[in-house]
Structure formats: structure tokens, C-alpha cells
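**Q** Residue numbers (this note's numbering), protein chains in the order written: chain A, 1307 to 1565; chain B, 1307 to 1565.
#1: Please report the straight-line C-alpha distance between residue 1353 of chain A and residue 1540 of chain A, rounded to a whole angstrom.
#2: Contact criterion: CB-CB distance below 8 Å. Does residue 1544 of chain A meet it with respect to chain B?
#3: Name the chain A residues that come within less than 8 Å of residue 1316 of chain B, Cβ to Cβ?
#4: Taking only the alpha-carbon atoms, compute the straight-line gap between residue 1554 of chain A and residue 1528 of chain A and give it to the nearest angstrom.
#5: Which one or two residues does DSSP pair with residue 1355 of chain A in a beta bridge?
#6: Pull up the CB-CB distance for residue 1432 of chain A and residue 1448 of chain A, whole angstroms please, since I reckon it's below 8 Å.
#7: With a threshold of 7 Å on Cβ separation, who are the neighbours of residue 1345 of chain B within its own chain once the five nearest residues in sequence on each side are excluded?
#8: Give me the subset of the stretch 1471-1483 of chain B whose CB atoms are less than 8 Å from a CB atom of chain A, sorted by chain position.
#9: Using three-state DSSP, classify residue 1495 of chain B as helix, strand or coil.
#10: So if I threshold CB-CB distances at 9 Å, which residues from the stretch 1327-1339 of chain A count as touching chain B?
#11: Under 8 Å between the Cβ atoms of residue 1472 of chain B and residue 1487 of chain A?
#12: Sorted by chain position, which residues of the same chain lie with C-beta nearer than 6 Å to residue 1560 of chain B's C-beta, five sequence neighbours on each side aside?
#13: Take residue 1310 of chain A and list the residues in its own chain whose beta-carbon comes closer than 6 Å to its own, dropping the five residues that flank it on each side.
#14: Tell me the rounded alpha-carbon separation between residue 1398 of chain B and residue 1416 of chain B.
#15: Would you be able to state if there are at least three C-beta pairs under 8 Å between the stretch 1511-1519 of chain B and the stretch 1360-1379 of chain A?
#16: Taking residue 1422 of chain A and residue 1318 of chain A to be in contact with their CB atoms under 8 Å, please state how far apart those CB atoms are, rounded to whole angstroms.
#17: Three-state secondary structure (DSSP) at residue 1560 of chain A?
#18: Measuring only from the beta carbon, is residue 1467 of chain A closer than 7 Å to any heavy atom that is part of the ligand HEM?
#19: Grab the span of the beta strand (DSSP E) containing residue 1373 of chain A for me, first residue to last.
#20: From the DSSP output, which residues share a beta bridge with residue 1437 of chain A?
#21: If I measure Cβ to Cβ from residue 1524 of chain B and keep anything under 7 Å in the same chain, skipping five residues before and after, which residues do I get?
#22: Please determine if the stretch 1487-1501 of chain A and the stretch 1436-1445 of chain A are in contact, where contact requires at least 3 C-beta pairs separated by less than 8 Å.
#23: Using a Cβ cut-off of 8 Å, which residues of the stretch 1409-1440 of chain B contact any Cβ in chain A, in chain order?
#24: Just grab the DSSP bridge partners of residue 1314 of chain A for me.
#25: Find the residues of chain B that neighbour residue 1513 of chain A, judging by a C-beta separation of less than 7 Å, and give them in chain order.
#26: Tell me whether residue 1364 of chain A sits in a helix, a strand or coil according to DSSP, three-state version.
#27: In chain A, what lies closer than 7 Å to residue 1486 of chain B by C-beta?
#28: Closest Cβ-Cβ distance between residue 1370 of chain A and chain B: below 8 Å?
#29: Within a Cβ cutoff of 8 Å, which residues of the same chain sit near residue 1350 of chain A, ignoring the five residues on either side of it in sequence?
#30: Closer than 9 Å by beta-carbon distance: list the chain B residues that pair up with residue 1395 of chain A, in chain order.
#31: Closer than 8 Å, CB to CB, is residue 1402 of chain B near chain A or not?
#32: Assign residue 1391 of chain A to buried or exposed, taking buried as 16 or more other Cβ atoms, counted over all protein chains shown, within 10 Å of its Cβ.
#33: Report the residue from B:1424, B:1506, B:1373, B:1404 whose alpha carbon sits nearest the alpha carbon of residue 1463 of chain B.
#34: Closest Cβ-Cβ distance between residue 1565 of chain B and chain A: below 8 Å?
#35: Taking Cβ positions only, does residue 1322 of chain A come closer than 8 Å to chain B?
#36: If you draw a straight line from the alpha carbon of residue 1321 of chain A to that of residue 1348 of chain A, how long is it in whole angstroms?
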């Protein structure tokens, strides 16, 4: 008899995690979302039930996975009786302890990746971080996580939060800079594709050398000619200009300090 | 008879370009650098002469490639008589016209990539942008560039400068964020390696989808719980806190506007 999972949430993370767990680690029997259509889209891929009503959440799942926006976790979970089943959230920023009031068996399963619904990912390469309120629950979650990922580790709430902050810089802020570059190039009628090899090499360098050693460009050598020249060119882009200025300073200052 | 090249400059870009051109497109006969040891290190790899004296620069090269920090270009070039040989700079930010006073035959060959001396690159995948003061010189440079890269295009000075600005965002600023994330994780005793799959996927997404569509994380949905929580955690990192705040705002504002 396999494990039965209930998913509370049907966003990017829930979609990829539920698809990875389904069949490999158990069976997703139900998907809840505040938006019925979101619940339906995910449930259909898993041949599961869907609902947008907390009162319809099944009582007989073995594990309840919560992948909701942090702000609505309490609002949703407070309406559900989990009968002390294993209740697991997937948030980088929330501590394990937020689940204490809803069940006596709690855990965290945090996959560190950027998920978009439309894009396939190889889940086996994604680092998955586990925390639980007992050794037994920890072992249950490790066993499940190891069925979908080769990179499973235990990490406490404080370190998970630090990791999430670092991920915001290395992923969300990085992607925003790709977007700003793409929009700026579109304005100048230059195709964004010409930056692709640079984007790839920049990422490859950071994973194959220390990123501090990989830094290049005008800011690290504080080449004022180029910097001032670029700032002048950005006159009509006040936001880019301000970011250009503050980040160039940050780069220069960081590299002034000795290794 | 192959072409003879003289390199003025021996930094990261000069090193990779000279190595790519050597034997494939001609022969690098001499490397000049203000630092004799830098000139020697590169010259040795090419079996070329080296010098740190402008008066010793050979007169019989067919093309002189200039890969110097923008700020010293004039200081160095004004001491050399190029006898109207083809004089080519490799800078994203300098216009072609800066070379007018030094030769009647001028051009630009700008490879768009981040180069570190210690790291090999496949030059054939690097976009190379050409500009020249005559059709003849443009064709000479295109012919040379096509011997080392599959992605050669003509681009004028104004657009090359825009491209360089976009590259600063998509590479230099991006790498700085990797560095900030790495330093922060080191402080929290978490290995930076756990971010590698995220860094790679973030870059892959940006080249396979529109980066704006690929954006994830708390800022895009302005999840104030997470954002405030993270800002509090960064209390002892004022610089990270300020960047976190300003870039989160920038993300949120950009995604408020319709496609």
C-alpha cells in the first residue's frame, strides 16, 4: 500500500513537487486551491480529486503538503482538522513551528529551485531540504525526498531562511537584471538573444570558480570613463541609472577589501 | 602569406582574443603591455615577442589590436606611429571614431563575453561585433572574425555601447549578486554549492523563455510577509538590506505594468 498525499496549494512549486512525488513516492489523491480552476489543472495531471473548499479536504491522506503563499497559510490551515497526520510545508521562509498549532506531526520539505508551470525540470537534481518535529517524521520525509531527488539534506529553520535569502539574490534578483537588460535592448532594437552566450558563461563561471574571482567589467576596476559614459547614456532610464550607480559602487567596494 | 597581428594590451580580453586568432586567422607576432610580465605571459603562449615600450612596437604588422582599459587608450596610442595600418579596438564602450587620429584605417572587433585568464572558452560560440571606417576594412575584419566565431555581425558604435550596458546588467551585476549570496552563505556556514542548480536553471530559463515570464519569488507577488521577514534578517547586513529593498521594489513595479 503506497502513501496517499493531499496537496494544499496548486501554484508553481506545488505543481512541480506534486508531479515529482506522484507515482515515485506515493499517490496524490487530492489537490486543494483557493482557485478551483488551479486545483483542477493540477489534479487532472495527477488523476486526483480537486476542491476549493477546505471542508472537502480528505481525512484519509497520510501526508498533507502545504504550498501556499506565506500570507494565507494560517487562514487556510486553521479551517482544516488534520487529525495529527504529518503536515508538511514547503516554504523557505516560514519556520517549522508555524505548523505546531495544526498537528502534532510536522515537517518541512523545501526544494531549492525556481519553478514555472510551463517549464519541465529534472527534479532529481534539485537540492531538497528537510526538517521535522521528531526523528521519526524526519526519517519519513527523508525517505520520501530521496525518491525524487539525489540531493537531500536536513536543515533547520534558521539556516533555511538564510538559504532562501541567498536564493532571492542569486535567482530572483538575477532574473530581474536579465529582464531589465532585455527591455533596454528591445528599446534599442537589439535582439536579447545576443546576450545568451554571456548569460550562460556567467552562470557557468560562478559554479566552476569562486564568483568573486569571476568578476569582470568596468566596476571592479572602477573605470570611471566607462561608468560615467554609461550613466550618461542611461539619462532617460532613471531606474537603470540608479541601479547601475549603486551596484557599481557595491562591486567596487567589495573588491577593495582583501581576499 | 598569413596576416601578422600586433596586440596592444595583455589583459583578459586580449589573452583570449589573441589565442583565438593565433594560427586560425594569422600570426600574433608581438604583444605590448605596460606591464612587461603581462606581455611576456601572453607572448609566450603565442611564441611572439613581448615589449613594454611603445618605441619597440613592430612596424610591419598588418593589423594592430588594441585591448586596453579605456582610460589609457589615448596615452598609449598617441606614442605609436601606425603608418595607417588597420588599427582595431575591442571595447564595447568606445566609439570607432576615437581611433581616427591614429590611423586612416580603423575598426572595432568586440567579442561579447566575460573573460577570465584562467578559464578556457569556446570562442566559436561568442558573438563578435564588427565596425570599420570603410567597406574594405569592414570586410577584412568580418573575414578574420568568421575564422574564430560562428556569430559575426556588423554593429555601429551607438548600438555597441547599448549592448555593453545591457551586458553589465546581465553579467557583471548578476555575478556580483552571486558573490553577495556566496559571502552571505559563508557567514551562515552554508556551502555555496547548494545554489548551483538554482543558478544554472535561472540562466537556462532566461535563454529559453522571456526573462519577464520566468520571474518568480516574493517580490513579484509583493509578499510583504516574506519581504519584511527577510529585511529583518538582514539587519546586520545594511548593504544587502538596501539592495534587497530597492530591487524588490523594482521587480514589483515592473510587473505591475501590463505586458
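Virtual Cβ for every residue (Gly too), placed ideally from N, Cα, C.
**A** So, to answer that:
#1: 52 Å
#2: no
#3: What residue 1316 of chain B touches in chain A: nothing, since even the nearest Cβ is about 15 Å away.
#4: 8 Å
#5: A:1336
#6: That pair is no contact at about 15 Å.
#7: 1316, 1337, 1338, 1339, 1356, 1357, 1358
#8: 1471, 1472, 1473, 1474, 1475, 1476, 1477, 1478, 1479, 1480, 1481, 1482, 1483
#9: coil
#10: none
#11: yes
#12: none
#13: 1333, 1335, 1367, 1368
#14: 6 Å
#15: no
#16: 6 Å
#17: helix
#18: Absence of the ligand HEM from the depicted structure is noted, as is the absence of any ligand whatsoever, leaving it without description.
#19: Here residue 1373 of chain A belongs to no beta strand (DSSP E), and DSSP marks it neither H nor E.
#20: A:1414
#21: 1532, 1533
#22: no
#23: 1418, 1419, 1420, 1421, 1422, 1424, 1425, 1427, 1431, 1432, 1433
#24: A:1338, A:1372
#25: 1502, 1505, 1506
#26: coil
#27: 1475
#28: no
#29: 1356
#30: Result: empty, since nearest Cβ-Cβ is about 13 Å, beyond 9 Å.
#31: no
#32: buried
#33: B:1404
#34: Only weak support exists for where residue 1565 of chain B lies, its pLDDT of 48 falling under 50; the value from the coordinates is given anyway. No, no contact with chain A.
#35: no
#36: 6 Å
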